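Below is one structure, written out as structure tokens; comments come after it.
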Amino acid sequence: METLWLIASLTLAYGIASVVYRLWFHPLSKFPGPPLLAATYVPYVYSNFLRGEWTRKMPALHRKYGPAVRIGPNHIAVDGSIAWQEVFGYRKGRQEFLRVPNLYEAEQVNILTAHHDSHRRQRRQLAPAFNDSALIRQDPTVRKYVKMLLDRLEERARQDQPVNVVEWFNLTLFDITGDLLFSDSFHSLANNGYHPWIRFIVQSFRGTAMQRVYQIYPIAGLFRMIPVWSTPQTIRRYGTEKSMMRLARGEEISPGHKDVTSYMLRQASHGGKAMTRAEVLSTSPTLVVAGSETTATALSGFCFYTARNPRVYAILAEEIRSLFQTEDEITLQSAAAAEYLQAVINETLRVYPPFAELLTRLSPGDTVDGKYVPPGTRVSAYHWATFRNPEHFVDPDEFLPERWLTKDHALYDKRFEVDNKAIYKPFSCGPRDCLGKRLAQAEMRYIIAGLFLRFDFELAHGQDDWHDKQKTFTIWEKSPLYVRLRPRFD
Numbered sequence: 001m002e003t004l005w006l007i008a009s010l011t012l013a014y015g016i017a018s019v020v021y022r023l024w025f026h027p028l029s030k031f032p033g034p035p036l037l038a039a040t041y042v043p044y045v046y047s048n049f050l051r052g053e054w055t056r057k058m059p060a061l062h063r064k065y066g067p068a069v070r071i072g073p074n075h076i077a078v079d080g081s082i083a084w085q086e087v088f089g090y091r092k093g094r095q096e097f098l099r100v101p102n103l104y105e106a107e108q109v110n111i112l113t114a115h116h117d118s119h120r121r122q123r124r125q126l127a128p129a130f131n132d133s134a135l136i137r138q139d140p141t142v143r144k145y146v147k148m149l150l151d152r153l154e155e156r157a158r159q160d161q162p163v164n165v166v167e168w169f170n171l172t173l174f175d176i177t178g179d180l181l182f183s184d185s186f187h188s189l190a191n192n193g194y195h196p197w198i199r200f201i202v203q204s205f206r207g208t209a210m211q212r213v214y215q216i217y218p219i220a221g222l223f224r225m226i227p228v229w230s231t232p233q234t235i236r237r238y239g240t241e242k243s244m245m246r247l248a249r250g251e252e253i254s255p256g257h258k259d260v261t262s263y264m265l266r267q268a269s270h271g272g273k274a275m276t277r278a279e280v281l282s283t284s285p286t287l288v289v290a291g292s293e294t295t296a297t298a299l300s301g302f303c304f305y306t307a308r309n310p311r312v313y314a315i316l317a318e319e320i321r322s323l324f325q326t327e328d329e330i331t332l333q334s335a336a337a338a339e340y341l342q343a344v345i346n347e348t349l350r351v352y353p354p355f356a357e358l359l360t361r362l363s364p365g366d367t368v369d370g371k372y373v374p375p376g377t378r379v380s381a382y383h384w385a386t387f388r389n390p391e392h393f394v395d396p397d398e399f400l401p402e403r404w405l406t407k408d409h410a411l412y413d414k415r416f417e418v419d420n421k422a423i424y425k426p427f428s429c430g431p432r433d434c435l436g437k438r439l440a441q442a443e444m445r446y447i448i449a450g451l452f453l454r455f456d457f458e459l460a461h462g463q464d465d466w467h468d469k470q471k472t473f474t475i476w477e478k479s480p481l482y483v484r485l486r487p488r489f490d
């Protein structure tokens, strides 16, 4: 009994001492924030990784405590006004804030988490696959799947069926990405159904969230047998199998034809400068998810916010239908002429950023917001909080595309001149920003233009709170979004 009392007393004393240290003597004690969050990770872990509610709390925390907030014993969250330059930006001559390493060794060579030199080499290999010249070459591929999407939607519209656009955008972007990456789509649209990958993608982010709990509380490893834990590896396995089949076909599928894998493999025989086989196998699943899920999310958000705003819908419909008379006139390049369309896309990415939370970085031992942050400190940034901050945007919670129009546009509104447009980084920034941002925006313009040219649409009954219900596990956990489509032509 005395031994138990001694153990209990020592445990209690250790706990009290830890809390006292974290609150008043820890190097992060200089950062403001709720004392409970500074004392223990439990509220953050529960709300973020288990409930998916943490991201929605961040705007209020920044408004109360400022641009740098302590959200854990060894963790700070920073607003984009600080994060883009000090954490995510180019740091010439200074160590990088690296992403938190993945639990699995095979994924350490992934372009997302690779160390500086390896990441730079991989990025150089991939960059030509996403430049403007590549967009021109990719147009026929994108056109094929957009037409297939519109045809599938029309089939259902003529049966007077509400359409779940979340599902159909996922199918489309999944097929486009598969074709651009492997020269072989996943045939989701052709088969009118999901590939197993799509079904597992959202679950995989939940699984990744649980794995992050393990990095904070190793005892969470006891839950490895829960099915959701292994979903990220299921996704990786699908990607590896698809990538291995593509690798077996060599650098070019046919003379002159290059897919994204071709760029990863180029110059493989010259000093090992190309991406290694391990790097290709690890990076390919990441490119599939990044190239499909995020763009499909943005398109779903576009439909929701546009349909909820009749004024925006009417202006956009008029612009697109005056620019294009037939779907054949729409290309990845020509759709860029639709200025109001681009403004609506920008506003969609502001109020509904596909990555509401950016991947957490680790401090190398440097200053953030003028205060020293020790090595190993977790540093997070939230698009959702930055883009909803009234210090950066007028009426930040309202959907107002006019804020993105230039002064020579007829709908320009000077009240948005005070908006901090430089803070708008929906594709991240710095040396690890999204390589495919031009392609993603072009795909959105292409699909939206085709959608407005062929249909009128409105939200189905009961969809008004679609966004409000969503949880976040890095990405939004989307429920179906049902839309009623009306073909414009017989």
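Numbering (full-length UniProt numbering), first residue to last: 1 to 490.
Heads up, the beta-carbon is just placed ideally off N, CA and C, and yes, glycines get one too.
These figures come from a predicted structure and were not determined experimentally.
The beta carbon of residue 43 is closer than 7 angstroms to those of 36 and 37 in its chain, skipping five residues each way along the sequence.
When DSSP reads this structure, residue 72 sits in a beta bridge with 75. Minimum Cα-Cα distance from residue 422 among the listed residues 435, 400, 442 and 393 corresponds to 393. Secondary structure note for residue 175: its alpha helix (DSSP H) is the uninterrupted segment 165 to 182. Restricting attention to alpha helix (DSSP H) runs no shorter than 4 residues, the stretch 101 to 153 encloses them at 116 to 126, ordered along the chain.
Residue pairing by DSSP places residue 487 opposite 455 in a beta bridge.
Secondary structure of residue 372 (DSSP, three-state): strand. Less than 9 angstroms separates the beta-carbon of residue 373 from that of residue 363. With the rule of 3 Cβ pairs closer than 8 angstroms, the stretch 308 to 325 counts as touching the stretch 333 to 342. Inclusion of residue 355 and residue 210 in the CB contact set at 9 angstroms is not warranted, their separation being larger than that value.
Residue 109 and residue 191 have their C-alpha atoms some 34 angstroms from each other. Excluding its 5 nearest sequence neighbours in each direction, residue 55 has C-beta neighbours in its own chain below 7 angstroms: 356, 357, 382, 384 and 472, listed in chain order. For the alpha helix (DSSP H) assignment, the uninterrupted runs of no fewer than 4 residues enclosed by the stretch 291 to 359 are, from N- to C-terminal side, 310 to 323 and 339 to 351. For the set 359, 379 and 353, the Cα lying nearest the Cα of residue 365 is the one of 379. In this chain, the beta strand (DSSP E) harbouring residue 379 covers 378 to 380. Annotated as proximal: residue 181 and residue 291, with beta-carbon spacing under 9 angstroms. In this structure, residue 281 sits away from residue 250, with a CB-CB distance that is not shorter than 9 angstroms. Within the model, the alpha-carbon separation for residue 408 versus residue 215 is close to 51 angstroms. Straight across, the Cα-Cα distance linking residue 195 with residue 188 is about 6 angstroms.
Shown here, residue 99 sits in a strand according to DSSP, grouped into three states.
The three-state secondary structure of residue 276, taken from DSSP, is coil. By a beta-carbon distance limit of 8 angstroms, residue 324 contacts residue 453. Their separation comes to about 6 angstroms.
DSSP, reduced to helix, strand and coil, places residue 473 within a strand of the structure shown.
Contact annotation: residue 308 and residue 464 have beta-carbon atoms nearer than 9 angstroms. Residue 72 and residue 377 have their C-alpha atoms some 10 angstroms from each other.
Exclusion of the five residues before and after residue 185 leaves 175, 178 and 179 as the residues of its chain whose Cβ lies within less than 6 angstroms of its Cβ. Shown here, residue 361 sits in a strand according to DSSP, grouped into three states. Between the alpha carbons of residue 310 and residue 19 lies a gap of roughly 53 angstroms.
Taking a C-beta distance under 9 angstroms as the contact criterion, residue 260 and residue 482 do not qualify as a contact pair.
Contact check between the stretch 434 to 448 and the stretch 124 to 138: three or more CB pairs, one atom from each, fall below 8 angstroms, which counts as touching. For residue 406, the secondary structure class from DSSP, reduced to helix, strand or coil, is coil. Put simply, the backbone Cα of residue 487 is about 14 angstroms away from that of residue 449.
The beta carbon of residue 444 is closer than 8 angstroms to those of 295, 298, 299, 302 and 345 in its chain, skipping five residues each way along the sequence. Close CB contacts of residue 70 within its chain, under the 6 angstroms cut and outside five residues either way in sequence, are with 28, 31, 33, 38 and 76 (chain order).
The stretch 12 to 88 contains, as complete alpha helix (DSSP H) runs of 4+ residues, the segments 35 to 39, 42 to 45, 54 to 65 and 80 to 86 (chain order).
Burial state of residue 284 is buried, judged by a 10 Å Cβ sphere holding 16 or more other Cβ atoms.
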